[in-house]
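A.B. asks:
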Amino acid sequence: MMLDPIKISILLKRLKERYPVVKTQLDHSTPFQLLIATIMSAQCTDNQVNKVTKKLFVTYPDPEALAAAPLKDIKRIIYSTGFYNNKAKNIKACAQSILENYASIVPKEIELLTKLPGVGRKTANVVRSAAFGYDAIVVDTHVLRLSCRLGLTDKKDPVRVEFELMELIPKSSWSDLSLQFIYFGREVCDAKKPLCDICPMFDICPTRGKK
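The numbering of the sequence shown is the working numbering, which starts it at 4 and goes up by one.
(1) Buried or exposed: which applies to MET5, given that a residue is buried once 16 or more other Cβ atoms fall within 10 Å of its Cβ?
(2) Quick check on the burial criterion: 16 or more other C-beta atoms within 10 angstroms. Buried or exposed for THR62?
(3) Would you mind giving the Cβ-Cβ distance between ASN93 and PRO73, rounded to the nearest angstrom? I have them listed as a contact below 8 Å.
(4) I'd like to know whether the C-beta atoms of ARG1 and CYS208 end up nearer to each other than 8 Å.
(5) Flag this pair as yes or no: are the beta carbons of SER176 and SER132 separated by less than 8 Å?
(6) Do LYS58 and ILE39 have their beta-carbon atoms positioned less than 8 Å apart in this structure?
(7) Going by Cα to Cα distance, which pick from GLU165, LYS213, GLY154 and GLN99 is closest to LYS195?
(8) Is the distance from the Cβ of GLN36 to the Cβ of PHE60 below 8 Å?
(9) Give the single residue among GLU103, LEU102, ALA127 and ALA106 whose Cα lies nearest to the Cα of VAL112.
(10) Does SER107 come out as helix, strand or coil in the three-state DSSP assignment?
(11) So, with DSSP's three-state summary, where would you put MET169?
(12) Taking GLN28 as the reference, give the member of PRO173, ALA134, GLU170 and ASP193 with the closest Cα.
(13) Can you tell me the Cα-Cα spacing of ASP30 and ILE42, whole angstroms?
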């Protein structure tokens, strides 16, 4: 059963009350640093990424430095984020592409961002929203799970879910919704053990009491 517009409004109101101010948990000083941190965040916690970027960006803070960095040094620094071989290759290639094709300036257009090595729609939307202030829906595992459980979609593909949410949710709420769902997914609507008994969405949730 899908949520009707009235229940969607209730959902957004309750999320706003619970999380009135939201922002990315990834530490960064520039759009480029946010981009690199987001690439590293795949299947890794934000806290761990922040520990790694604190070291990485001291030596390699910008596209010029990171593009010239020895691959083995990048691998060594980011090892603890997991999948470090592939991530290191993408990070270096991404820095090189930004340096060579965009004069060291991270592009704002999603079509250009998603052409960069290691950058899909999720990563591109994080950067567009948090670094450039665009309204964007970031579909990570939390957003995907909660969107299905709360009856906003029955799709499993993140891109299809993103576009469905864009149709259902007012544009002014797109960026906040993504982060609110991430917070809420971590605190209440856990993947394996959702805390339905204390969930403020229990009365409007079509899958309440189920995993």
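Quick reminder that beta carbons are idealized off the backbone N, C-alpha and C, glycines included.
C.D. replies: Taking the geometry as given:
(1) exposed
(2) That one is exposed.
(3) About 16 Å; that fails the 8 Å criterion.
(4) Residue coverage of the chain in this structure runs from 4 to 214, which leaves residue 1 outside it and unanswerable.
(5) no
(6) no
(7) Nearest C-alpha to LYS195: LYS213.
(8) Taking 8 Å as the cut-off, the beta carbon of GLN36 is found closer than this to the beta carbon of PHE60.
(9) In the sequence as displayed, the identity of residue 112 is Glu instead of Val. Ranking GLU103, LEU102, ALA127 and ALA106 by Cα distance to GLU112 puts ALA127 first.
(10) coil
(11) Here MET169 sits in helix by DSSP.
(12) ALA134
(13) 13 Å
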